[in-house]
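Residue numbers (our numbering): -14 to 596.
Have a look at the structure below, then the notes.
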């Protein structure tokens, strides 16, 4: 899939590349965003949640970047090497054509894995082209000074917390604390730039052209071998495969953790304050990822996440808000203090830039349903869970029987105080219902009478107080009138029949109030204040939930049209951020696991409905 990015203008006078004009590469430990103009403007090392080394997407002047581009006027096209996460950016000029191949080798050997090698191969395929490079790291989110030691074709950047070595086949020259390079390539010629994390255990190592070629081929083999395990062969195979590759890139291999997104503080509203750090493990997002991966046949990824849950005692927690915290660090840590970086202006001036996430202290009861549903599916499609895990599940469900009927901050992490959200009740019902299924199917010990009583009480409460006769719809909170797109999960979670008259009425109401050209808003902040200023874009996971709800209701033509429309909002590589803005622009952290896992589910179920 190759798309022309000609005329894709940078925003803010050329200082910021649009969020959508990026591709993602990674090594299952960290990732980098590569802009369509050839600049790496987001890279954290040595892991997802580490301080940025290149962060010009959050501050064009102070963030740091790795620029690599032709020195003449060009148009560019960017695509992935088919069925891989090897990114190719092509430059078309009057006198020639060249391309950059960007990738991070995926290695198991611990010493080489610690290198986090990022390779950039520049190849002239026709004619001749002059190129320039500027490598300007800004360590610690731009707060740590660094020294430069340049010797021949190797440059070593050292900060108090991190050292990186750049090796190149092209000539290098110092430019203050940065490095520049200028070179011309003739047809068939190439240069290689390799950036490594170095330390006492990982010395600098050159990357000659032959080795770069070999590592490129090995990286292609790795991704193709992984993707070949997918069971999806339906109508939207290319988009589903790309989504699966994105979800895999967001997996932290050492622990099996799955991050919500690889970035922080990309705004949900330009100039607004809805800027959050998503480089952590949300229980909800990761559990839904497990569902998507199991759907496609990737059981080892589900097994790895179950290992993360088990080895870090997630189900045995005992915090103020219950056994589960809503999110964890990729190493399982529970302390994720939120603070601001006032020296960074934010993307297009959209401050504040935040690190950490204060939502860790929130109570979000829906996460219990998401996690126990994923355990149920893993037990069914993967491996039966152990007796120890079942004891932990049982203890969590017993806790939920005591605590489901209380207000919380809800699935959208509102910062306006706790409320009685219907979606939270719905997912508590899911937790109890799935746990009962596991117990019955495998004959596992459980207080089924108590669980059934709680499950049925939740059902009756939703039907009596979560339904508004005036609106003819299920609503956001008990006894209120506000609509909420999270309730699109009702038929998906099998709480209500997809053709139940109450549900069909709700679907019509949601279509009228929250849907715009297949795009779905989460809720109306003016009718339901969430403690934050300003509006937001449509929420892409809700748009794919909408497709699936239409399909399950038998409205297949509407569902297929809505799905095809949603695909037109993807970027040139098939990637989605969290939200879509008023004119179709990508907003929020990018790419977003939530969006891609819901795309997989919608495609899978729509395919099945179409036959």
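In this text, a Cβ means the ideal position worked out from N, Cα and C, and glycines have one as well.
Is residue j closer than 8 Å to residue i when the C-beta atoms are compared?
| i | j | result |
| --- | --- | --- |
| residue 463 | residue 407 | yes |
| residue 182 | residue 100 | yes |
| residue 81 | residue 113 | yes |
| residue 561 | residue 244 | no |
| residue 284 | residue 575 | no |
| residue 275 | residue 359 | yes |
| residue 437 | residue 470 | no |
| residue 547 | residue 503 | yes |
| residue 121 | residue 138 | no |
| residue 429 | residue 375 | yes |
| residue 538 | residue 494 | no |
| residue 482 | residue 339 | no |
| residue 180 | residue 149 | yes |
| residue 253 | residue 48 | no |
| residue 204 | residue 308 | no |
| residue 564 | residue 523 | yes |
| residue 197 | residue 165 | no |
| residue 460 | residue 509 | no |
| residue 168 | residue 207 | no |
| residue 334 | residue 256 | yes |
| residue 111 | residue 199 | no |
If you drop the 5 nearest sequence neighbours on each side, which residues of the same chain put their C-beta closer than 6 Å to that of residue i?
| i | result |
| --- | --- |
| residue 439 | 386, 417 |
| residue 28 | 17, 38, 39 |
| residue 579 | 270, 526 |
| residue 19 | 8, 25, 72, 87 |
| residue 75 | 62, 84 |
Thinking C-alpha only, which one of the options is nearest residue i?
| i | options | result |
| --- | --- | --- |
| residue 127 | 114, 118, 145, 141 | 145 |
| residue 598 | 177, 393, 347 | With the chain covering only -14 through 596, there is no way to say anything about residue 598. |
| residue 53 | 8, 66, 10, 106 | 106 |
| residue 332 | 21, 9, 26 | 26 |
| residue 280 | 581, 593, 586, 594 | 586 |
| residue 521 | 208, 397, 352, 157 | 397 |
| residue 23 | 1, 55, 0, 41 | 55 |
| residue 1 | 50, 141, 67 | 50 |
| residue 314 | 301, 173, 294 | 294 |
| residue 158 | 135, 173, 370 | 135 |
| residue 98 | 31, 267, 68, 141 | 31 |
| residue 155 | 161, 277, 191, 559 | 191 |
| residue 545 | 571, 596, 499 | 596 |
Kindly give me the distance between the Cβ atoms of residue i and residue j, rounded to whole angstroms, as I take these residues to be in contact under 8 Å.
| i | j | result |
| --- | --- | --- |
| residue 492 | residue 534 | 6 Å |
| residue 402 | residue 349 | At roughly 13 Å, the Cβ-Cβ gap does not stay under 8 Å, so residue 402 and residue 349 are not in contact. |
| residue 423 | residue 361 | 5 Å |
| residue 341 | residue 330 | Going by Cβ atoms, the distance from residue 341 to residue 330 rounds to 19 Å, so no, they are not a contact pair. |
| residue 10 | residue 70 | 6 Å |
| residue 377 | residue 318 | That pair is no contact at about 19 Å. |
| residue 530 | residue 584 | Residue 530 to residue 584, Cβ: 11 Å. No contact. |
According to DSSP, is residue i helix, strand or coil?
| i | result |
| --- | --- |
| residue 529 | helix |
| residue 350 | coil |
| residue 223 | helix |
| residue 479 | coil |
| residue 285 | helix |
| residue 7 | strand |
| residue -11 | In this prediction, residue -11 scores a pLDDT of 37, lower than 50, which makes its location untrustworthy; the coordinate-derived value is nonetheless stated afterwards. Strand. |
| residue 581 | helix |
| residue 403 | coil |
| residue 547 | helix |
| residue 570 | coil |
| residue 192 | coil |
| residue 249 | strand |
| residue 576 | coil |
| residue -6 | Residue placement at residue -6 is poorly supported in this model, since its pLDDT is 42, which falls under 50; the coordinates are not used for a value here. |
| residue 443 | helix |
| residue 600 | The chain is shown from -14 up to 596; residue 600 falls before or after that span and cannot be answered. |
| residue 299 | helix |
| residue 115 | strand |
| residue 167 | strand |
| residue 133 | strand |
Counting only the same chain and skipping the five closest in sequence on each side, list residues whose C-beta sits under 7 Å from that of residue i.
| i | result |
| --- | --- |
| residue 282 | 214, 215, 216 |
| residue 221 | 588 |
| residue 129 | 144, 145, 146 |
| residue 367 | 279, 284, 287, 288 |
| residue 290 | 241, 243, 271, 275 |
| residue 379 | 431 |
At a threshold of 7 Å, does residue i count as lining the ligand COA (C-beta to nearest heavy atom)?
| i | result |
| --- | --- |
| residue 192 | This structure lacks the ligand COA; in fact it carries no ligand of any kind. |
Quick check: is the beta carbon of residue i nearer than 8 Å to any beta carbon in chain B?
| i | result |
| --- | --- |
| residue 498 | Judged by its chain identifiers, the structure shown contains no chain B, having just a single protein chain. |
Go through its chain and collect everything with a Cβ distance to residue i's Cβ below 8 Å, but skip five positions before and after it.
| i | result |
| --- | --- |
| residue 444 | 414, 480 |
| residue 354 | 411, 412, 413, 414, 415, 416, 419, 478 |
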